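Protein chains in written order, with our numbering: chain A, 64 to 263; chain B, 64 to 263; chain C, 6 to 258. Written below as structure tokens is the structure these notes are about.
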Amino acid sequence: MESPLRLIALNPVDRLARTVEALLVVASAPLSLDELADATEDHPERIETAICLLRERHAEGRSGIVLEEVAGGFAFRASRDAADACARLFERPVERGLSQAALETLAIVAYLGPCSRPDVARIRGVAADSAVASLVERGLISEAGREPGQGGAVRYRTTPLFERVFGLESLAALPRLDDLGEDAAELRERLLEVAEARAS
Amino acid sequence: MESPLRLIALNPVDRLARTVEALLVVASAPLSLDELADATEDHPERIETAICLLRERHAEGRSGIVLEEVAGGFAFRASRDAADACARLFERPVERGLSQAALETLAIVAYLGPCSRPDVARIRGVAADSAVASLVERGLISEAGREPGQGGAVRYRTTPLFERVFGLESLAALPRLDDLGEDAAELRERLLEVAEARAS
Amino acid sequence: MLPTPVRELELELDAFEGPFDLLLTLLLKEELEPREIDVAAIVLAFVERTAERDELDLEACGEFLVLVSALLELKARALFPDEAAELGELEPEEAAEELARRLAEYRRMKEAAAWLLDRLGAEQDRFFRIGPAPLAPRAERVLARQDPDALAEALRALALPPPTVSLGHMALRFPPVSQFLERFRTVLSHRRVFDFDGEVEGLSRVEQAVALLALLELRKAGEIALSQAQAFAPIRVSRADDERIHEWKARSA
């Protein structure tokens with residue numbers, strides 16, 4: 064606990080520096096001087112003074128948290144001493160499998176051809192936004208134009224990485240689903256019918 | 064620039080504390096003791112000592128960066144003094160408040176999860192589709208497979224973000240349902256009265 | 006306690022006068038027969054009360070729906086003691102317990118929701134970073150080799166028709182009584198008399214139960230007359246004015 068005396072004695076620039084520190088630790092992108100000034104409702108010159116103070120406090124060799132000026136503003140990074148530990152933290156073990164949501168979304172896109180998020184959502188019966196986003200991020204599906212018509216939704220198709228991961232020479236090598244429909248159109252029809260029954 | 068002399072003189076726990084600081088400032092989610100131990104290749108007990116040191120250094124009122132135990136691990140957050148400045152710059156995941164329906168749905172998923180939309184509807188007596196969709200969109204709940212059996216409904220569970228937003232060390236920090244309100248006890252009493260009336 | 010508007014809803018029914026929550030207590034204590042309760046009148050009272058207020062209290066509406074549908078369920082079970090067993094294998098007493106259990110569960114979840122709301126208020130000045138740090142190293146996600154059969158399986162599962170969902174214990178599994186009210190009114194606008202059994206033939210037992218409730222409500226409102234030659238004989242439904250004519254004829258004869 065801090066003594067009241069120290070609170071009173073706190074230098075205003077130091078107080079501002081703390082607020083800037085707080086903003087930077089929460090930000091997920093570098094913050095510019097102007098953004099910091101707006102957020103703190105303070106003058107850019109005083110922000111600069113606070114930044115000077117923080118630069119000293121969060122210098123390489125003095126703290127694990129290092130203040131860095133990058134394009135677009137200021138951000139915290141890990142100190143160089145901690146590079147190995149950071150590498151271990153971010154080096155992810157090989158993932159064994161996909162979530163149910165990801166697997167279903169991937170199956171729909173692979174078997175039915177380019178599909179939009181609304182398509183996937185209709186067939187699965189739940190919103191597909193996060194599943195699609197995560198598959199795009201992993202490089203298993205990618206954008207493939209838009210649905211016809213103005214303002215059509217973005218469509219997605221599987222990528223070469225998808226084929227590699229599933230050990231397929233091409234999409235034609237997918238296990239057959241003849242019992243569900245003769246072609247992609249019939250399959251789509253069937254899936255939409257079931258989805259409708261599920262929703263009602 | 065720091066003198067080599069000071070580097071040599073650096074206390075080993077202090078050095079470890081700096082590495083932990085560095086890991087926490089780049090991590091995208093709270094890190095558990097084990098994760099910190101793995102990344103630093105150090106013993107959990109020593110990590111604990113380092114955390115103690117950091118807790119003091121990054122205490123409310125002492126730094127803009129505050130160390131917090133949350134969602135099963137440790138994370139940095141902005142100091143409370145900086146809340147106004149943060150609010151001007153960042154949108155909280157639940158900035159615009161949660162509807163009563165969303166809060167009830169969230170409570171059901173947190174306590175009974177993983178559970179499906181029909182589960183939620185059964186308890187609330189009304190459909191929960193839009194509440195579930197809004198909670199998924201805010202990242203407070205996410206898909207967790209489907210119910211077993213044919214045509215099973217998608218199940219949901221709360222996310223680590225839920226724990227962070229509500230400041231819970233873990234889901235175990237939720238109050239026990241039995242402790243909630245006297246209404247439940249009163250209803251149970253009525254129930255017992257019914258049972259006794261029938262037995263007599 | 007129930008939210009004020011529902012709890013304090015003053016009811017003036019034939020069988021009961023007082024606040025809704027007392028009615029509920031009496032039902033749970035089995036001091037009142039569910040079959041004596043005029044559900045339509047309760048709905049009417051609630052709608053009137055709601056209309057008097059400027060604001061629509063959705064919470065109260067939700068609470069009310071749960072209560073009324075549970076009440077309807079109790080009433081249907083009490084009306085069909087034999088079929089109740091078939092419907093949900095629940096005795097009326099068990100149904101009462103089930104109602105209390107369901108209400109308790111819903112109430113606990115509401116309490117939990119209130120707790121979360123409080124907590125959210127208390128956490129309003131704590132900000133964490135959501136998402137990755139701006140200068141964090143980028144992590145590559147490496148996925149192990151996957152089996153393409155898993156894709157086929159996933160799609161096959163999505164193509165399976167869902168099980169016929171058993172809504173046996175859902176509060177809102179009844180078709181609306183109003184549906185049958187309208188239906189019977191329409192039939193009677195074309196015909197003076199019809200057989201209830203013939204009209205509900207082919208409907209599920211639950212639908213038949215609700216249809217009978219509708220019939221009773223119409224009878225209570227004085228819109229129709231009911232007659233039955235003997236127990237288990239078809240129920241004959243006629244317009245109320247026709248009944249009066251019959252009565253008059255009978256008395257004059």
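Beta carbons: idealized from backbone N, C-alpha and C, even for Gly. Predicted, not measured: the structure shown is a model, and the values here were computed from it.
| field | Contact set between the region 184-210 of chain C and chain B, restricted to residues whose Cβ is under 8 angstroms from the partner | value | Of all residues in the region 184-210 of chain C, none has a Cβ within less than 8 angstroms of some Cβ in chain B.
| field | Whole beta strand (DSSP E) elements within the region 100-182 of chain A, 3-residue minimum | value | Within the region 100-182 of chain A, the runs of beta strand (DSSP E) that reach at least 3 residues and sit entirely inside it are, in chain order, 128-133, 136-141.
| query | From what residue to what residue does the beta strand (DSSP E) around F229 of chain B run? | reply | Taking the second sequence and counting its residues from 1, the one referred to as residue 229 of chain B is at position 166. Here F229 of chain B belongs to no beta strand (DSSP E), and DSSP marks it neither H nor E.
| message | Can you tell me whether E154 of chain B is buried or exposed? The criterion is at least 16 other CB atoms within 10 Å of its CB, across all chains shown. | response | Taking the first residue of the second sequence as 1, we reach residue 154 of chain B at position 91. Its Cβ having fewer than 16 others within 10 Å, E154 of chain B is exposed.
| query | Who are the near neighbours of V228 of chain B in its chain, counting only those whose CB is closer than 8 angstroms to its CB and skipping five residues on each side? | reply | As a first step, residue 228 of chain B is located in the second sequence; it is residue number 165 there, counting from the start. Within the same chain, V228 of chain B has close Cβ partners R155, P156, V157, L203.
| said: Please tell me whether C178 of chain A has its Cβ less than 9 angstroms away from any Cβ of chain C. | reply: Here residue 178 of chain A is taken as the residue at index 115 of the first sequence, counted from 1. It does not: the Cβ of C178 of chain A has no partner Cβ on chain C nearer than 9 angstroms.
| said: I'd like to know if A144 of chain A contacts chain B, where contact means its C-beta is closer than 9 angstroms to some C-beta of that chain. | reply: Position 81 of the first sequence, counted from the start, is the residue given in the question as residue 144 of chain A. Here residue 144 of chain A is Asp; the residue named in the question, Ala, does not match the sequence. It does; some Cβ of chain B falls within 9 angstroms.
| D223 of chain C to L186 of chain C span [Cα, whole Å] | Along the third sequence, one-based indexing puts residue 223 of chain C at 218. Along the third sequence, one-based indexing puts residue 186 of chain C at 181. Before going on, a small fix: residue 223 of chain C reads as Leu here, not Asp. As the crow flies, the alpha-carbon of L223 of chain C is around 7 angstroms from that of L186 of chain C.
| message | Once DSSP output is grouped into helix, strand and coil, what is the label at E36 of chain C? | response | Counting from one through the third sequence, the residue named residue 36 of chain C turns up at place 31. It is coil, neither helix nor strand.
| field | Enclosing alpha helix (DSSP H) for T221 of chain B [first to last residue] | value | For the purposes of this step, residue 221 of chain B is taken as residue 158 along the second sequence, with counting starting at 1. Per DSSP, T221 of chain B lies in no alpha helix (DSSP H) segment; the continuous beta strand (DSSP E) that holds it begins and ends at 217-221.
| Can E36 of chain C and P24 of chain C be called in contact, C-beta distance under 9 angstroms? | Along the third sequence, one-based indexing puts residue 36 of chain C at 31. Along the third sequence, one-based indexing puts residue 24 of chain C at 19. The answer is no: Cβ separation not under 9 angstroms.
| query | Mind checking if L121 of chain C is an interface residue toward chain B, Cβ cutoff 9 angstroms exclusive? | reply | Walking along the third sequence from the start, residue 121 of chain C turns up at place 116. Judged by the 9 angstroms Cβ criterion, L121 of chain C is in contact with chain B.
| message | Using the three-state DSSP reduction, which class does D192 of chain A fall into: helix, strand or coil? | response | Mapped onto the first sequence, residue 192 of chain A falls at position 129. In this structure, D192 of chain A counts as helix in the three-state DSSP scheme.
| By DSSP, does L221 of chain C sit in helix, in strand, or in coil? | Here residue 221 of chain C refers to the residue found at position 216 of the third sequence. The answer is helix: DSSP assigns L221 of chain C an H, G or I state.
| Who are the Cβ neighbours of A90 of chain B in its own chain at under 8 angstroms, not counting the five residues just before and after it? | The residue labelled residue 90 of chain B in the question sits at position 27 within the second sequence. Hits under 8 angstroms: A138.
| said: Taking 9 angstroms as the threshold (C-beta atoms), are R161 of chain C and L240 of chain A in contact? | reply: For the purposes of this step, residue 240 of chain A is taken as residue 177 along the first sequence, with counting starting at 1. For the purposes of this step, residue 161 of chain C is taken as residue 156 along the third sequence, with counting starting at 1. It is a contact, given that the beta carbons lie within the stated cut-off.
| If you check the beta carbons only, do A141 of chain B and V129 of chain B fall under 9 angstroms apart? | In the second sequence, residue 141 of chain B corresponds to position 78, counting from 1. In the second sequence, residue 129 of chain B corresponds to position 66, counting from 1. Yes, these two residues count as a Cβ contact at 9 angstroms.
| query | Is any beta-carbon of chain B found at less than 9 angstroms from that of A155 of chain C? | reply | Here residue 155 of chain C is taken as the residue at index 150 of the third sequence, counted from 1. No, no contact with chain B.
| query | Which residues in the same chain have their Cβ closer than 8 angstroms to the Cβ of R261 of chain A, if we skip the five residues on either side of it in sequence? | reply | The count along the first sequence starts at 1 and reaches residue 261 of chain A at position 198. Shown here for R261 of chain A: same chain residues with a beta carbon closer than 8 angstroms to its own, the five before and five after excluded, namely G188 in chain order.
| Helix or strand or just coil, what does DSSP make of S242 of chain C? | One-based indexing of the third sequence puts residue 242 of chain C at position 237. For the record, residue 242 of chain C in the displayed sequence is Val; it is not Ser. Three-state DSSP puts V242 of chain C in a strand.
| Can you list, in chain order, the residues of its chain whose CB lies under 7 angstroms from that of L224 of chain A, leaving out five sequence neighbours each side? | By one-based count along the first sequence, residue 224 of chain A stands at place 161. Excluding sequence positions up to five before and after L224 of chain A, its CB lies within less than 7 angstroms of the CB of G202, L203, all in the same chain and listed in chain order.
| said: Can you list, in chain order, the residues of its chain with a C-beta nearer than 7 angstroms to that of K225 of chain C? Leave out the 5 residues immediately preceding and following it. | reply: Position 220 of the third sequence, counted from the start, is the residue given in the question as residue 225 of chain C. Exclusion of the five residues before and after K225 of chain C leaves D43 as the residues of its chain whose Cβ lies within less than 7 angstroms of its Cβ.
| Is it the case that the Cβ atoms of A170 of chain B and G67 of chain C are separated by a distance below 9 angstroms? | Here residue 170 of chain B is taken as the residue at index 107 of the second sequence, counted from 1. Here residue 67 of chain C is taken as the residue at index 62 of the third sequence, counted from 1. Taking 9 angstroms as the Cβ cut-off, A170 of chain B and G67 of chain C do not qualify as a contacting pair.
| field | Cβ-based contacts, 9 angstroms cut-off: residues of the region 187-209 of chain A near chain B | value | Cβ contacts with chain B come from R187, G188, V189, A190, D192, S193, A194.
| task | Return no unless some Cβ of chain A is closer than 9 angstroms to the Cβ of P181 of chain C. | result | Here the question's residue 181 of chain C lines up with position 176 in the third sequence. Residue contact with chain A for P181 of chain C: absent (no Cβ-Cβ distance below 9 angstroms to any residue of chain A).
| task | Would you mind giving the Cβ-Cβ distance between V76 of chain B and T112 of chain B, rounded to the nearest angstrom? I have them listed as a contact below 8 angstroms. | result | In the second sequence, residue 76 of chain B corresponds to position 13, counting from 1. In the second sequence, residue 112 of chain B corresponds to position 49, counting from 1. Sure, about 5 angstroms apart at Cβ, within 8 angstroms.
| request: Using a Cβ-Cβ cut-off of 9 angstroms, state whether G230 of chain B counts as contacting chain C. | output: The residue you call residue 230 of chain B lines up with position 167 of the second sequence. Closer than 9 angstroms to some Cβ of chain C, the Cβ of G230 of chain B qualifies, so yes.
| Roughly how many angstroms separate the alpha carbons of L260 of chain C and L193 of chain C, rounded to a whole number? | Not covered by the structure: residue 260 of chain C. The range shown for chain C is 6 to 258.
| query | Between P137 of chain C and chain B, is there a C-beta pair that is closer than 9 angstroms? | reply | Translated into positions along the third sequence, residue 137 of chain C becomes position 132. True, the Cβ-Cβ gap to chain B drops below 9 angstroms.
| Is the CB of V157 of chain A under 9 angstroms away from at least one CB in chain C? | To locate residue 157 of chain A, count along the first sequence from 1; it is residue 94. For V157 of chain A, the nearest CB of chain C lies under 9 angstroms from its own CB, placing it at the interface with that chain.
| query | For the region 91-115 of chain B, which residues have a beta carbon sitting closer than 8 angstroms to at least one beta carbon of chain C? | reply | Here the close residues are S91.
| message | Looking at chain A, is there any beta carbon in it that lies within less than 9 angstroms of the beta carbon of Q151 of chain C? | response | Locating residue 151 of chain C in the third sequence gives position 146, where the first residue counts as 1. At least one chain A Cβ lies under 9 angstroms of Q151 of chain C.
| field | L87 of chain B burial status per 10 Å Cβ neighbour count (16 or more: buried) | value | Here residue 87 of chain B is taken as the residue at index 24 of the second sequence, counted from 1. Buried: at least 16 other Cβ atoms inside 10 Å.
| task | Starting from the C-beta of E204 of chain C, find all residues in its chain whose C-beta is less than 7 angstroms away, skip the five residues before and the five after it, and write them out in chain order. | result | Reading the third sequence from its first residue, position 199 is the one you call residue 204 of chain C. Within its own chain, the residues whose Cβ lies closer than 7 angstroms to the Cβ of E204 of chain C, once the five positions on either side in sequence are excluded, are V192, listed in chain order.
| Taking only beta-carbon atoms, is F133 of chain C less than 9 angstroms away from chain A? | The sequence position of residue 133 of chain C within the third sequence is 128, counting from 1. Yes - at least one Cβ of chain A is within 9 angstroms of the one on F133 of chain C.
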